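Participant:
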């Protein structure tokens, strides 16, 4: 390094070269101006570096001519150094701006930030998935598929509603009995209308959802719900025999159609409405409130949900096909998994079937030869003398 500096400082710099370097520094001034104004967002006069850069070289030539080339090289390299620093600075500044923007957004919708314990649980869940993939190997995809199928049958308000609506008789409102019941009819106002968040539409109730949009390297979007709000006033459900008041506490919307949706600032905003004269099916409990029948949450069956009649009819129409698909898929997955864990060998035109072995069949496959031995144990053998 010292030899390099000495070789530069010991060079004789002629006046024409100094003039050339001063002119070349004007090109460097363009990059300096862009970096400071664009990356660092520092307000400077547009002519500043076009005066400063050649002036530094000229003053250096007057004070110590041999250092002119060193000053020029430093000025040239500063473009790359400042560019890298500016990009890092811009990334840090953008992250702070995004965090501040998210904080304002969370305050606006009263969204509580994710707790440290939830973050730890997410990391642990991701680690468990990775470990499951490592130890189960080829079977990991069958485990995930089995979980998806099982989720359809796990208890939830939605699953209980869909199951009960298929077995409960639809009661006429005028003669509906106390306790668990199913009614259908048109929705009517009981209280003043609510204003939906998007376009201020009047309604009886709404679900408003905000999702964070993420994109993978192929541009495919995925959505993570960060805010979900449901508001609904007391209302009536009415059929040809009469009407009954509904207490909407713990009422869940199921398969309501999207009324409006838009994306902005990396987030998707959507809302679902319940409006007057919507034809709905309701499952819950009939109870007395001030000696008046009221429809409310059923605490024993833990069900209270509302769904458009058209969606209910479509669900019931497709249910046999969907159930058949899930059953056949479950059987197919089980059979494939059973085949994969059962060792089978063909020797002398005889099939030998061993006991199922719950291990990864590809666990010992470290090379192409191992893979060929695994796939074709009798064909892929070295010839013997």
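Residue numbers (our numbering): 168 to 552. The beta carbon of each residue, even a glycine, is placed where N, CA and C say it ideally should be. Remember, it's a predicted structure, so these values are computed and weren't measured experimentally.
Can you look up residue 475 in the DSSP assignment and give me helix, strand or coil?
Facilitator: If DSSP states are grouped into helix, strand and coil, residue 475 belongs with the strands.
Participant: Assess, as a yes-or-no matter, whether the region 445-461 is touched by the region 373-391 under the definition of 3 or more beta carbon pairs within less than 8 Å.
Facilitator: Contact fails: fewer than three Cβ-Cβ distances are below 8 Å.
Participant: With distances taken between CB atoms, is the gap from residue 206 to residue 254 smaller than 8 Å?
Facilitator: Closer than 8 Å, so yes.
Participant: Tell me where the alpha helix (DSSP H) around residue 201 begins and ends.
Facilitator: Residues 182-201.
Participant: Pull up the distance between the alpha-carbon of residue 419 and that of residue 353, whole angstroms please.
Facilitator: If you take the alpha carbons of residue 419 and residue 353, they lie about 17 Å apart.
Participant: Give, in chain order, every unbroken run of the alpha helix (DSSP H) that is at least 4 residues long and sits entirely within the region 345-423.
Facilitator: As far as the region 345-423 is concerned, it has no whole alpha helix (DSSP H) run of at least 4 residues.
Participant: For the beta strand (DSSP E) containing residue 435, name the first residue and the last one.
Facilitator: From DSSP, the beta strand (DSSP E) with residue 435 extends over 434-441.
Participant: Please report the distance separating the alpha-carbon of residue 493 from that of residue 324.
Facilitator: Roughly 20 Å separates the two Cα atoms.
Participant: Flag this pair as touching only if the region 193-203 and the region 213-223 have three or more C-beta atom pairs under 8 Å; answer yes or no.
Facilitator: Counting Cβ pairs under 8 Å, three or more are found: they touch.
Participant: Could you tell me the boundaries of the alpha helix (DSSP H) in which residue 461 lies?
Facilitator: That residue, residue 461, is in no alpha helix (DSSP H); its beta strand (DSSP E) goes 459-463.
Participant: With 16 other CB atoms within 10 Å as the buried threshold, where does residue 521 fall?
Facilitator: Residue 521 comes out exposed.
Participant: By the three-class DSSP mapping on this structure, what secondary structure does residue 445 have?
Facilitator: Coil, per DSSP.
Participant: Tell me which residue opens and which closes the alpha helix (DSSP H) that residue 222 is part of.
Facilitator: Segment 215-230, the alpha helix (DSSP H) holding residue 222.
Participant: Which two residues bound the contiguous alpha helix (DSSP H) that contains residue 330?
Facilitator: Here the alpha helix (DSSP H) through residue 330 covers 324-334.
Participant: Could you pull the DSSP bridge partners for residue 455 from this structure?
Facilitator: DSSP lists 460 as partners of residue 455.
Participant: Residue 443 and residue 355: beta carbons closer than 8 Å?
Facilitator: Closer than 8 Å, so yes.
Participant: Any idea what DSSP makes of residue 466, helix, strand or coil?
Facilitator: The answer is coil: DSSP assigns residue 466 none of H, G, I, E or B.
Participant: By the DSSP assignment, the beta strand (DSSP E) with residue 520 in it spans what residues?
Facilitator: Where residue 520 is concerned, the enclosing beta strand (DSSP E) stretches over 517-520.
Participant: Going by Cα to Cα distance, which pick from 241, 376 and 335 is closest to residue 392?
Facilitator: Out of 241, 376 and 335, 376 has the C-alpha closest to the C-alpha of residue 392.
Participant: Using 8 Å as the threshold, is the C-beta distance between residue 372 and residue 453 below it?
Facilitator: For residue 372 and residue 453, no; Cβs fall outside 8 Å.
Participant: Let's see if you can read the secondary structure: which residues bound the beta strand (DSSP E) around residue 512?
Facilitator: Element bounds for residue 512: 511-514.
Participant: If you compare alpha carbons, which of 390, 221, 407 and 374 is closest to residue 400?
Facilitator: The residue with the shortest Cα to Cα distance from residue 400 is 374.
Participant: Can you find the residues in the same chain that come closer than 8 Å, C-beta to C-beta, to residue 331, ignoring five residues on each side of it along the sequence?
Facilitator: So the list reads 347, 349, 450, 468 and 470, once near-sequence residues are dropped.
Participant: Taking the DSSP output, what are the residues bridged to residue 450?
Facilitator: For residue 450, which the question treats as bridged, DSSP gives the partners 349 and 472.
Participant: What would DSSP say about residue 428, mapped onto helix, strand or coil?
Facilitator: Strand, per DSSP.
Participant: If you run the structure through DSSP and keep just helix, strand and coil, what is residue 209?
Facilitator: Looking at residue 209 - three-state DSSP - the assignment turns out to be coil, as it is neither helix nor strand.
Participant: Should residue 547 go down as buried or exposed, given a rule of 16 or more other Cβ atoms within 10 Å for buried?
Facilitator: Its pLDDT being 47, under 50, residue 547 is placed unreliably by the model, and the measurement read from it follows with that caveat. Exposed, by the Cβ-count rule.
Participant: Compute the distance between the beta-carbons of residue 357 and residue 314, then report whether it is under 8 Å.
Facilitator: In this structure, residue 314 does not lie closer than 8 Å to residue 357 by Cβ.
Participant: Got a sec: is the Cβ-Cβ distance from residue 436 to anything in chain B below 8 Å?
Facilitator: You won't find chain B in this structure, because it holds only one protein chain.
Participant: Whose CA, out of 456, 338, 421 and 394, lies closest to the CA of residue 405?
Facilitator: Comparing Cα positions, the closest option is 338.
Participant: Between residue 519 and the rest of its own chain, which residues show a CB-CB distance below 6 Å, the 5 nearest in sequence each way excluded?
Facilitator: Excluding residues within five positions, the ones whose Cβ falls inside 6 Å are 512.
Participant: Using the Cβ count rule (16 or more neighbours within 10 Å means buried), how would you classify residue 378?
Facilitator: By the neighbour-count rule (16 or more Cβ atoms within 10 Å), residue 378 is buried.
Participant: Exposed or buried, residue 542, counting other C-beta atoms within 10 Å across all chains shown (16 or more means buried)?
Facilitator: The predicted model places residue 542 with a pLDDT of 48, which falls under 50 and marks its position as unreliable, so this point remains unresolved.
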